[in-house]
Structures are given as structure tokens and as C-alpha cells.
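With my numbering as the guide, the letters of the sequence shown map in order to residues 2 to 469.
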Amino acid sequence: MHTNEPITTQPDFAEIYARFSSALEASDLPKSVLEAAKLNVYDTLACSIAGVRAPGVQEVLELVRDWGGKPEAEVLWTDLRVPAPQAAWINGIMAHACDYDDTHDKAILHAGISVVPAVLAAVAIAGRPVSGKEFYVAVATGLELICRIGVATKIGLIQAGFIYSALFSCFSAVAAARILRLSPEDTVNALGIAYSQAAGTHQVTRDGALTKRMQPGFGARAALTAVAMARKGVRGAQRIFEGQDGLGRIYLQSELDSAVLREGLGERWHFEDLAYKPYPCCRMNHCPIDAALQVRVKPGFDWTKVTEIRAYINSQGNQAVGQHRTVDTVVQAQFSVRYTIACALVNGSVGLSDFTPEAMKRPEVLRVAALVTPIVDDEFERKFGRNVTPARVEAVVDGKVFSAEVLEALGSTDNPMSSQVLRRKLEDCLAYGGFDTGRAGAFEETIAGLENSVDVAADIRRLITAVI
């Protein structure tokens, strides 16, 4: 069923999901779901390590430190403790700052960057030890809600004008509510209060603004504020998703499919489809990068002799990463198919070291980037118009065309990264963050033990100490 009218004859999905999340227990999670949640925590926290040194983060850290307040929750990879909403905010910013974090390739959103910081902040204010099992139940409920909303959204992010990672991030309140054991009624109130703070537009990407990486953190902060207010008995909006002025109509132009929201709840876990990034840039660049890397190793190819490069992508990909002809800011570089293809062809890789002010000035990379022309491919648009774009890259050398096509980027569920690649990513994040890469083992050991933790807050504190 696809509806353009608000549903009034059945409970809003907020009520349905609040009942589901409040009742969910660790024994209800299939093994594959638990493993997906564990991978998300691993990857999100790894990305946040790199984010410590990313542009914009230190400025926000200075603000948070200056504001001070009740020392409730840890700011990751620092010695700082601040009020829970502020911790969720800065930790969410750090997790997303390098654009290295998870992506749902069909929903076109990131989920862990708001959910994991919100859960960690809630753990810190729970007033009791929170077990690893409780922790992962909360993470799973938050990831699933955000991904489920994304899958049910039928309008593309360019058409809507919202970045869904940011717009839906405030609904990580459901995960914080699960940690704090809110009733279904109070969970709905928390979601309703969070909905009053929903925001996050695509304009930041168009303008290459640092606030692009901060928007999901705002959502995590809104989530902690919402659950705190709900605990005090404040009533929020009730028909949050499908009401007359709910998310579906106001933000998504009546393109939120109510049937998809409900279908298979508790049996079909959409967050299991989250992909993980091998390259620290917009996911729309990843198939083009993979294709460029394949072109680079073809016999006879020489990037120094390239005269023309054509990058075939879908319209959404072109709008997201095909517009920046120059890369004056790091965000522009992360959202430039020209720049990332050039890095792949020149370097044979794309990593965090490519997204520094110095790297962005390399003449050989800029020369190749200027040769790239993004082209909307009609077939890609017809088959994959709402998804992360596939890509076909054609590079011309001495009149000969070297071509490669990639439909499924590395890091997806159908094309996953190996444990070795994940470890290299973790070490890349540690090095970029200014930490010893030799601490990767301690990080992995602590994350592996969280499932059986009797006090997640204490283990997270030990993890921070082990890294810094």
C-alpha cells in the first residue's frame, strides 16, 4: 500500500514502534542482527577517532569545554566529561566528520553517527550499570527505526532537499529511551519532542559547509534533550510520522510508505543492509572510485597520458557529487566525483590523507580531476534512480578507451569489506586522529567484549584510556 494521505484509522507508526522497542529483549535479536549491531558500533567508534582532528571538531570541542556543565558523559577520545546532550552532539560530529561512516545504500543515509552517540550518552545517565546486552538492544532499535524510515521514504534526497542522515537523526531518541527504560507512552513523547527538533538540509553540501558533518550530531543532542524532557512528563507530538502534519507530509512530500514502515517489524531488520565505507567521502563517489581503480590496473593504461574521463552515474549522484568543479574546502572534496576519481587514478587508493588542505592542492591530481565529466546515464537512472549510484568510468589514453563498470560498491552487504580491510580502516582512523596505530588491537578487543560487558560505561572509559 502506498498512500498520499495521512493514516487516521490506525495507530501512528510512532506508537507501534515505541511498543516494539520497549518490549524488545536481547533474546529477541537473531544472531545476524546482533552481529550487524556490533559491526556498526565498531565502525562508528573507529570513524570518531579520525574525527577528533577533522576541521570543525576542535572548534566545537572548545565551545563544549567552555560551556562546561554537569560532568555526565564522556567526550570520546578526550579527558572531557560534559552534560549528556552535549556529549551526544560532539561525539556525533566526530563520528561523521570524515564521511567515513556507514551508509544505507537504498535509503541513502547514515545511521550509526546519531544512534551510537545517543546510546552512549544515555548509558552515562542511566543511574545504574548498563549491560552489553542492553546496550546492543538499544543500538539495534535505533538503527532499525532510522533505516526503516529511510527505506519507506520514496522521494530522493535531492528532490526533498533534506539530508536524511540529519533529518531522521533526532529519532535516535528511541534508542536512548530504551536504555533509560521509558514506557511506550513516554517513548512516544520522546519521539514527539525529538520531531519538534527535526532538521538537516542538503544546502550544506552544495555550499561545502563544515556544518554538513555536524547535522547528525545536532540530532543526537536533540534525542537526549527529548528523552530527558519525556522523563519529566513533558508530552510531545503523538502522530509523528503519519499525522496530518507528521514527518511524511511536512518533510517528505507525502512520499512515506506506511506499509513499508510496518512490514516485517521484528522479522525483517533493514539496518542489516547498512554498508561500510572503504573510502572517506560521500558514498555516491564509491562506485566511481571502484571503477577508476579497475581502470587503473588495465594493461596499457597510463594516467599521465589521459586526455578525457567520462563518469556515468545517476541523476541523484550527479547532484550530490557532480557539481563541484573545484575543491576549495574539504567538504567539497568529499563531495566531488572529479576529485575522488583523480585520487584513485593517480594514487591507486583513496584515504584520509587525500582530504587535507595540502593534498587538495596537488597539481597532478587537479590536472586529472579537470578531465572528468560527470554524465547522467539513462539506464542507471531508470534502474537505480533512488539508490546510491552505480558507475561506469571511461578514460581515454592515446585515443583508446579504458572502461570499467561497478554496480555494487565495496563495503555493501553483497560486496563486504574483509576483516583485514576493516583493520586497515581502523589504523587509518587512528593515524589521522593522531593516535598510535598499535592501539588498534586494544580497540578491537574492547569492542569484541562489549556484548558480555556488565558495565558498558566503565568499559567505554577504559577504551578511551587505551586509545589516548
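Quick reminder that beta carbons are idealized off the backbone N, C-alpha and C, glycines included.
Pairwise C-alpha distance: residue j and residue i
i, j, result
"I17", "A238", "15 Å"
"Q317", "P289", "14 Å"
"A410", "A210", "26 Å"
"R387", "R311", "22 Å"
"F302", "V296", "7 Å"
"F336", "G234", "43 Å"
"V205", "P185", "35 Å"
"A1", "K278", "Residue 1 lies beyond the stretch modelled for the chain, which goes from 2 to 469, so this question has no answer here."
"A392", "I469", "40 Å"
"R425", "D208", "31 Å"
"V61", "S413", "32 Å"
"T10", "R263", "15 Å"
"N5", "T305", "Unreliable placement is indicated for N5, whose pLDDT of 48 sits below 50; the coordinate value is still reported in the next sentence. Their backbone Cα atoms lie some 53 Å apart in a straight line."
"D274", "V152", "10 Å"
"A443", "L464", "8 Å"
"P31", "V457", "21 Å"
"V394", "I91", "38 Å"
"A467", "V140", "23 Å"
"V298", "G143", "41 Å"
"Q254", "G201", "16 Å"
"G323", "A24", "45 Å"
"V34", "A260", "22 Å"
"T447", "V402", "49 Å"
"V124", "G162", "34 Å"
Residue i classed as buried or exposed, judged by whether at least 16 other C-beta atoms fall within 10 angstroms
i, result
"A293", "buried"
"N41", "buried"
"E309", "exposed"
"T357", "exposed"
"A267", "Note that residue 267 is Gly in the sequence shown, not Ala. G267 should be labelled exposed."
"A449", "exposed"
"P72", "exposed"
"V58", "buried"
"A221", "buried"
"N416", "exposed"
"T188", "buried"
"S419", "exposed"
"D399", "exposed"
"P375", "buried"
"D80", "exposed"
"A396", "buried"
"K384", "exposed"
"D460", "buried"
Residues near residue i by beta carbon distance below 6 Å, same chain, minus five either side
i, result
"R339", "A370, V373"
"H97", "I114, R214, P217"
"R20", "P185"
"A345", "I290, A293, L294, V351"
"S166", "L110, H111, P217"
"A55", "A98, C99"
"E445", "none"
Beta-carbon contacts of residue i that lie in its chain and below 7 Å, excluding the five residues immediately before and after
i, result
"E256", "T154, K155, I156"
"R462", "E75"
"E428", "T438, A441"
"T390", "M285, C288, I314, N315, Q317, G318, F381"
"V422", "P279"
"T226", "P86"
"S354", "A360"
"R149", "L262, H271"
"M230", "I194"
Supposed contact pair residue j and residue i - C-beta distance, whole angstroms, cut 8 Å
i, j, result
"V175", "S28", "Contact doesn't hold; Cβ gap of about 20 Å is too wide."
"V351", "C430", "Rounded, the Cβ-Cβ distance is 14 Å, inconsistent with contact."
"A15", "I251", "No, A15 and I251 are not in contact; Cβ-Cβ is about 14 Å, not under 8 Å."
"V328", "A321", "Actually they do not touch by this definition, with Cβ atoms about 15 Å apart."
"V120", "I180", "6 Å"
Proximity winner among the options, relative to residue i (alpha-carbon distances)
i, options, result
"D378", "N319, T206, P31, R129", "N319"
"P364", "P375, N348, L353, R207", "N348"
"G70", "G143, A221, R82", "R82"
"F172", "I194, F163, N92", "I194"
"E135", "A459, N453, D460", "N453"
"C506", "R240, D67, C99, T188", "Look at the range of the chain in this structure, 2 to 469, and you will see that residue 506 is not part of it."
"D67", "Q198, A231, R326, P84", "P84"
"L223", "Y196, D246, L25", "Per the sequence shown, the amino acid found at residue 223 is Ala instead of Leu. The residue with the shortest Cα to Cα distance from A223 is Y196."
"D102", "T330, G52, K384", "G52"
"I147", "V407, D80, H105, K401", "H105"
"T45", "L64, E63, L77, H203", "L77"
Beta carbon proximity, residue i to chain B, threshold 7 Å
i, result
"M230", "The displayed structure is made up of one protein chain only, and chain B is not part of it."
Residue i beta carbon near the ligand GDP (any heavy atom closer than 6 Å)
i, result
"K401", "Absence of the ligand GDP from the depicted structure is noted, as is the absence of any ligand whatsoever, leaving it without description."
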